[in-house]
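Q: The sequence shown stops at residue 994 when you use my numbering, and every number in between is there. In this text, a Cβ means the ideal position worked out from N, Cα and C, and glycines have one as well. None of these values were measured; they are calculated from a predicted model. The structure under discussion is supplied below as structure tokens; questions concerning it will follow.
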Amino acid sequence: MKPVTVSIDVPHLPEQVYDFLDVMAHHERFTNHYLTDWRYSGPGRGTGSCAAVTAALGGTKTDVTIEVVEADAPRRIVERNVSAAGRRIAHGTYTIEPLRTGGSHVSFTYAWVRAPLADRLLAPVVRATMQRANRTVMRRLATELIRYVPTAGS
841 MKPVTVSIDV
851 PHLPEQVYDF
861 LDVMAHHERF
871 TNHYLTDWRY
881 SGPGRGTGSC
891 AAVTAALGGT
901 KTDVTIEVVE
911 ADAPRRIVER
921 NVSAAGRRIA
931 HGTYTIEPLR
941 TGGSHVSFTY
951 AWVRAPLADR
961 LLAPVVRATM
971 QRANRTVMRR
981 LATELIRYVP
991 TAGS
């Protein structure tokens, strides 16, 4: 299946965006419209940080395990997502790039490594649903960054 990418420009420096995204617990703030019941394990930030969540999307619910498998400050965070009893494996990648005018361009790409047959058969619908949900994620991320950045470092 082709990956889905969404992005947003924010007025925050890449280091500020990365510092916020690097903390797994912060993700609940901007994804809890479809990811609920967050349970954390591993370190609070960086590689090895994990969460188990319930995803409610497209009329179905499934348990998802999210683990940070790569962290390259302040540019990139890669998460490995496993769901559907291991039949769905994907990578979620946050990429943070500085804007010439100040601020950052933040992208999130969801790329399937393995997908159940139903996902593959309904790929256009599945991709559209993921794109819509993750556009909301980006808007909510921008709002949460505004709340977070004034208190960063305190």
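Does the distance from the C-beta atom of Gln-996 to that of Leu-985 stay below 9 angstroms?
A: Nothing about residue 996 can be reported from this structure: the residues present for the chain run from 841 to 994 only.
Q: What are the start and end residues of the alpha helix (DSSP H) that includes Pro-964?
A: It spans 963-988 - the alpha helix (DSSP H) in which Pro-964 sits, taken as one unbroken run.
Q: Where does Pro-854 fall in DSSP's three states?
A: It is helical.
Q: Quick check: the Cα distance between Arg-879 and Val-850, rounded to an integer number of angstroms?
A: Their Cα atoms are separated by approximately 28 angstroms.
Q: What residue from Ala-955, Val-904, Pro-914, Ala-913 has the CA that sits closest to Val-922's CA?
A: Among Ala-955, Val-904, Pro-914, Ala-913, the Cα nearest to that of Val-922 is on Val-904.
Q: Per DSSP, Thr-933 is paired with what?
A: BP columns for Thr-933 point to Val-918, Thr-949.
Q: Which whole-angstrom value is the C-beta distance of Thr-845 and Ser-947, which I expect to be below 8 angstroms?
A: Indeed, because the Cβ distance is near 6 angstroms, the residues count as touching under 8 angstroms.
Q: Taking Cβ to Cβ, would you say Val-908 is nearer than 9 angstroms to Gly-886?
A: Yes. Within cutoff.
Q: Taking 6 angstroms as the limit between beta carbons, can you name the residues of its chain near Arg-954, skipping five residues before and five after?
A: These residues qualify, in order along the chain: Ile-929.
Q: In whole angstroms, give me the CA-to-CA distance for Pro-956 and Val-966.
A: Answer to the nearest angstrom: the Cα atoms are 11 angstroms apart.
Q: Near Met-970, which residues of its chain fall below 8 angstroms by C-beta distance, leaving aside the five closest residues on each side in sequence?
A: Closer than 8 angstroms at Cβ, skipping near neighbours: Val-844, Leu-897, Tyr-950.
Q: Output the distance between the C-alpha atoms of Gly-942 and Thr-894, rounded to the nearest integer angstrom.
A: Answer to the nearest angstrom: the Cα atoms are 36 angstroms apart.
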